[in-house]
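Protein chains in written order, with our numbering: chain Z, 1 to 299; chain B, 1001 to 1549.
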């Protein structure tokens, strides 16, 4: 083969290599963050979500297969605020991947930039399993979703400058749609402001604050302590007194207990997923929450 | 003359005149046009400017109107909200600081008692007197964190009476935790530690034992290393405290090529249970194979380990540890053994002598290969094989080889609540060839010395844990160990045939405490049968790093 043939071939290969770039490998700890990453990154990223939509995010097993996923990741998006403290740290420690270590640009802590609610004044486990940094379930407030989406876009643009325009365009589409839907949601929820909702565990203060709901009655007597008949009797009494009509339950919580309490009070036990389902977008998830809750409260 | 002037003039006009006339007229017209045009332009400019000014004025007027309108709207909103706040303040009960639960408690106690019983029956729970009693004590006294969000949201200005936070999880340089295990129980053997319970952290006597009070520290040293330390305190039979630097090691955070290096004092990466700390075990005592091959403390020594994560789509890890292997924690290796009645250190009956480190062959090498597969969405398996190779101190060229195979399977459904329900099954098998040198000095028990021989031991344990409801785990473990025959076996607790069956039940009030009940049925070639019942209690304070899978 003559040099005159090889050289242009090599040059074109080299050119192709420099212009073509591998997709950004993104790992998200929970499906809500995954949904945002997908909205921003779309088909320019390879996305893996570690926790299942139906899983309790505090108790995900740190399986060895996750270490392999993290070994290849360019970006790790986690909620932070100690939500994943039971399983992400040993995975990252053993991932042999510098890009996702603490402080690196590829390590995205979604809680940074969010005003957290319910930061405890003292750390005392006699009050139950409290989150020291504040309540970590902040993604249920679409205003926070907006902030996290922008944060994710910033990181993607920084690490994959070639697709920065694409990511920014997706962010704009997402934000425009979110803003439009926010008006709709506000319109739906404003007449229901001040309504009380009973929840199994205190995972919805952000949603409650955004839409003006009262969520201060829980089936758990203390965070992380399972419901006891004595406590449930009190809850039932209070629900009757205040005419609370809905109990929200997540997939991994004991529905039977919620249904029992609902039966005694004439309330409805409503499935209220903590995360978007497989292939469900962030906006569709919030939309389904607003719709299901408003239709239950309006009955 | 006059005529001439006139005619001159006239003539001039007449002849050059027409042309000149035209020129002059042309010039005149042009200038007139120019002037008119300029005037028009200026005038137009004027009117333009005027209309511009008018337009601007109209805009300003419009903006002022808009602003005033917005101001009015905001004023109205503020008034409405203030009114609403006032109304709410009026309708709030007088005891605004008490959590809603306390307010509820004052209603009809008789009805709630009946309702409690109904609920208990419906939900199939016990009356739960212990937990509800605890619940009432705590509710009455303190502001539960679950009280209305408005309490916590407002950021208060600091006052001297506020507690000072010395440390909070997620924002400390290291995790510090203290974990204590307390054992209580009974055994048909009067001294369980002499033969039955050979692990260093197992219950050692009838009644109470405390064999594992552990301070665990871990954290990021810097961007390059993570550090771990485990300091264990034990109380012996005479309630004397002994301290153990169980593990102290660093681990690299980032090396090229998927490698990781660990160095310090650590549990060798052999099998599964050798690297697990006693407070994470599913049972209250160490398996028979572990103590037989690795002695009371597990295979643990000062050394270094390099591990590599293979670029396979499934998890595959190769690791090689190089350890010092001296002392009781290098049990089958450079372990001098225990002193006999005459003060001579012996192991398996042979007198030992201190082998100096002559070369790399005197270190202990621990290779391991392990793989993990997520066979379904809800099931994971982990398989591995390990080895340990090194010298032992019964003879100048004596060597020991230990081989192990391990298997772990776990099922957990997609909607597990707090990790329950789950089923896990862990099995480990080991085989050891201990090259024991001859020792003519062993003349106890009517023996006339011991020959050079290969002491071959093998065994396994298999345990199933079933988390059948949140915070409850039931388990069953079966174990068997045996080996070839040697003359000294009857006097060696680490030889001979043994088997053990142990059912257990553990309750975890929260993830920070546990209470376990376990029954051991031990059979042994040299002690027939013994029964033991153990209760183990664990509590954890502080921030403890998450455990490996």
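From the three backbone atoms N, C-alpha and C, an ideal C-beta is built for every residue, glycine too.
Around the beta carbon of residue 43 of chain Z, fewer than 16 other beta carbons sit within 10 angstroms, so the residue counts as exposed. Looking from the CA of residue 239 of chain Z, the closest CA among Z:253, Z:254, Z:218, Z:228 belongs to Z:218. Neighbourhood of residue 1119 of chain B in chain Z, by CB distance below 7 Å: 229, 232, 233, 260, in chain order. At a cut-off of 7 Å between beta carbons, residue 1115 of chain B contacts chain Z. It is roughly 7 Å from the alpha-carbon of residue 62 of chain Z to the alpha-carbon of residue 88 of chain Z.
The three-state reading of DSSP puts residue 286 of chain Z in helix, counting H, G and I together. For the segment 1466 to 1490 of chain B, the residues whose beta carbon sits under 8 Å from a beta carbon of chain Z are, in order, 1470, 1471.
Residue 64 of chain Z reaches chain B at 1315, 1372, 1382, 1549, counting residues in chain order whose Cβ is nearer than 7 Å. At least one beta carbon of chain B lies nearer than 7 Å to the beta carbon of residue 71 of chain Z. Chain-ordered, the chain B residues with CB closer than 8 Å to the CB of residue 55 of chain Z read 1414, 1415, 1416. If you look at residue 1177 of chain B, you'll find it in the beta strand (DSSP E) that goes 1174 to 1187. Around the beta-carbon of residue 1312 of chain B, fewer than 16 other beta-carbon atoms lie within 10 Å, marking it exposed.
Beyond the five residues adjoining it in sequence on each side, residue 1314 of chain B comes within less than 7 Å, by CB distance, of 1371, 1372, 1373 in the same chain, given in chain order.
Sixteen is the threshold: when 16 or more other Cβ atoms of the shown chains lie within 10 Å of the Cβ of residue 285 of chain Z, as they do, the residue is buried.
In summary, the residues of the segment 257 to 284 of chain Z whose CB is separated from some CB of chain B by less than 7 Å are 257, 260, in the order they occur in the chain. Within the model, the alpha-carbon separation for residue 1393 of chain B versus residue 132 of chain Z is close to 52 Å. With 16 or more other Cβ atoms from the protein chains shown falling within 10 Å of its own Cβ, residue 1352 of chain B counts as buried. Under the DSSP definition of a beta bridge, residue 1425 of chain B partners with B:1409, B:1464. Across the segment 108 to 139 of chain Z, CB contacts with chain B closer than 8 Å involve 117, 118, 119, 120, 121, 122, 123, 125, 126, 127, 128, 129, 130, 132, 133, in sequence order along the chain. Using a 10 angstroms sphere on the CB of residue 25 of chain Z, the tally of other CB atoms reaches 16 or more, which defines it as buried.
Residue 1331 of chain B and residue 1389 of chain B have their C-alpha atoms roughly 12 Å apart.
In the structure shown, residue 1491 of chain B falls within a helical segment according to DSSP collapsed to helix, strand and coil.
In terms of beta-carbon proximity, residue 251 of chain Z lines the interface with chain B, with at least one pair separated by less than 7 Å. Per DSSP, residue 1195 of chain B is one residue of the alpha helix (DSSP H) stretching across 1192 to 1195. For residue 1304 of chain B, the enclosing beta strand (DSSP E) stretches over residues 1300 to 1309. At a cut-off of 7 Å, the C-beta of residue 1510 of chain B has a neighbouring C-beta in chain Z. In the DSSP annotation of this structure, the continuous segment of the alpha helix (DSSP H) that includes residue 263 of chain Z starts and ends at 255 to 265. For residue 1228 of chain B, no alpha helix (DSSP H) segment is defined; the enclosing uninterrupted segment is the beta strand (DSSP E) at 1225 to 1235. Every unbroken stretch of the beta strand (DSSP E) spanning 3 or more residues and falling wholly within the segment 84 to 118 of chain Z is given here in chain order: 107 to 109. Rounded to whole angstroms, residue 1274 of chain B and residue 1405 of chain B show a C-alpha spacing of 13 Å. With a cutoff of 7 Å on beta-carbon distance, residue 1225 of chain B and residue 1250 of chain B are scored as near each other. Taking all protein chains shown into account, residue 151 of chain Z has 16 or more neighbouring C-beta atoms within 10 Å of its C-beta and is therefore buried. Around the beta-carbon of residue 1468 of chain B, fewer than 16 other beta-carbon atoms lie within 10 Å, marking it exposed.
Under the three-state reduction of DSSP, residue 273 of chain Z is assigned to coil, being neither helix nor strand. Measuring C-alpha to C-alpha distances from residue 1500 of chain B to each of B:1491, B:1471, B:1490, B:1519 identifies B:1519 as the nearest. Taking 8 Å as the upper bound on Cβ-Cβ separation, chain Z lies near residues 1223, 1226 of the segment 1223 to 1235 of chain B.
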